[in-house]
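Numbering (the working numbering), first residue to last: -19 to 301. Where a beta carbon is used, it is the ideal one built from N, C-alpha and C, also for glycine. Just so we're clear, the structure is a prediction, and the values are computed from it rather than from any experiment. What follows is a single structure, written as structure tokens, with notes after it.
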């Protein structure tokens, strides 16, 4: 039985022993291990069944600590860190050799961020190593935003779940880096493009077709429920799939003809931040309902709506929009 609680002391003790501790962040819960301990990192890859070519993100509690593990911290990185840390922004930086290759999938850069969660910051400030913490779910499945999601997915191999309640942002961090004098976004997430450009100027979204990702969250399919998730105009999809048991994930309204208990609304008030918080929680609920498939549509494609749409598209089995 996995232990769940709010003990910073127990979390630190287990991390120092090379064990896996689930840590809460404002984005999603992560499978945390000592990022410098190759054996501990390997446990995470094996538990998640994550391919070794998909790098992990490291977490610590201060810019000064980040600088201990990277070769340079560019001026633009300083600006971003001072504006958005702690928060849902990961910055790719050239790593020192102390960060093992397994953590970065043999890439020269490592992703760092400072999470905005008091319990996890309480852990990080008391240890001298960064914590690698990919989302606490089997690879490719819906990310967890509540401790019960983790308990539903894993039965052992985790020493402790640090219970921080629900995640306030609810989708993963934005990942940003610097190449050829350009500022590139490798994954859109909790910090919007609009917010980034207000403090740093023009950024570009990295959209090349890739086989081996340069950072987490770049693979084509991810965050997927076991049930088929189909995107399109919901009423049209309801007619097309009328012979199936249907679940609906809607931005702000219910649809006649489908049992209300099989429908979940992301935000009655058309609030994109609320929709972001509710996205993965809603997908977990729908995936465990007695339905054959889940119908959904894209949200307004601005601000964090872009990040939500990115997750919905990557989670879908079929797009009909």
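Straight-line Cα distance separating residue j from residue i
i, j, result
"residue 78", "residue 59", "25 Å"
"residue 94", "residue 62", "11 Å"
"residue 168", "residue 293", "13 Å"
"residue 96", "residue 280", "26 Å"
"residue 46", "residue 209", "39 Å"
"residue 283", "residue 172", "6 Å"
"residue 37", "residue 70", "8 Å"
"residue 276", "residue 216", "11 Å"
"residue -10", "residue 15", "18 Å"
"residue 32", "residue 23", "11 Å"
"residue 26", "residue 129", "19 Å"
"residue 51", "residue 250", "44 Å"
"residue 142", "residue 223", "43 Å"
"residue 191", "residue 165", "Reliability fails at residue 191, whose pLDDT of 49 lies under 50, so the model's placement of it is uncertain and the value that follows must be treated cautiously. Their Cα atoms are separated by approximately 17 Å."
"residue 103", "residue 139", "15 Å"
"residue 221", "residue 18", "48 Å"
"residue 181", "residue 285", "21 Å"
"residue 106", "residue 258", "32 Å"
"residue 163", "residue 184", "6 Å"
"residue 254", "residue 1", "28 Å"
"residue 241", "residue 144", "28 Å"
Residue i - containing beta strand (DSSP E), residue span
i, result
"residue -16", "-17 to -15"
"residue 208", "208 to 211"
"residue 165", "162 to 167"
"residue 90", "89 to 93"
"residue 119", "First-last for residue 119: undefined, no H or E at that position."
"residue 159", "154 to 159"
"residue 274", "273 to 276"
"residue 230", "226 to 230"
Local conformation of residue i per DSSP, three classes
i, result
"residue 5", "coil"
"residue 14", "strand"
"residue 30", "coil"
"residue 134", "coil"
"residue 191", "Note that residue 191 scores 49 on pLDDT, short of 50, meaning its location in the model is unreliable; the coordinates nonetheless yield the value given after this. If DSSP states are grouped into helix, strand and coil, residue 191 belongs with coil."
"residue 49", "helix"
"residue 240", "helix"
"residue 64", "helix"
"residue 102", "helix"
"residue 84", "helix"
"residue 112", "strand"
"residue 126", "coil"
"residue 72", "strand"
"residue 37", "strand"
"residue 141", "strand"
"residue -9", "helix"
"residue 78", "coil"
"residue 151", "coil"
Cβ separation of residue i and residue j, assumed to be a contact under 8 Å, to the nearest whole Å
i, j, result
"residue 3", "residue 113", "6 Å"
"residue 267", "residue 219", "That belief does not hold up - the Cβ atoms of residue 267 and residue 219 are roughly 23 Å apart, past 8 Å."
"residue 158", "residue 75", "So it is not a contact: roughly 14 Å between Cβ atoms."
"residue 211", "residue 278", "6 Å"
Element boundaries [alpha helix (DSSP H), containing residue i]
i, result
"residue 252", "252 to 267"
"residue 293", "284 to 295"
"residue 216", "214 to 220"
"residue -2", "Note, residue -2: premise wrong, no alpha helix (DSSP H); not H, not E."
"residue 173", "173 to 180"
Chain D contact for residue i (CB, 7 Å cutoff)
i, result
"residue 230", "No chain D is part of this structure, which consists of one protein chain only."
Original post:
Do the segment 256 to 265 and the segment 117 to 124 meet, that is, are 3 or more Cβ pairs less than 8 Å apart?
Top reply: yes
Original post:
Within the chosen definition, does the segment 104 to 121 reach the segment 63 to 70 through at least 3 CB pairs nearer than 8 Å?
Top reply: no
Subject >> Touch test, the segment 130 to 138 against the segment 149 to 159, Cβ-Cβ under 8 Å, three pairs minimum >> reply: Touching, no.
**OP:** Would you check if the segment -10 to 3 and the segment 81 to 91 touch, i.e. whether three or more CB-CB distances between them fall below 8 Å?
**Re:** no
Subject >> Segment contact flag, the segment 212 to 227 with the segment 267 to 281, C-beta cutoff 8 Å, min 3 pairs >> reply: Enough Cβ pairs lie closer than 8 Å, so yes.
Original post:
Would the segment 232 to 250 and the segment 99 to 110 be scored as touching if the rule is three or more Cβ pairs under 8 Å?
Top reply: With a cut-off of 8 Å on Cβ pairs, the segment 232 to 250 is not in contact with the segment 99 to 110, counting fewer than three such pairs.
Original post:
Three or more C-beta pairs closer than 8 Å, one from the segment -19 to -12 and one from the segment 6 to 17: is that the case here?
Top reply: Counting Cβ pairs under 8 Å, fewer than three are found: no touch.
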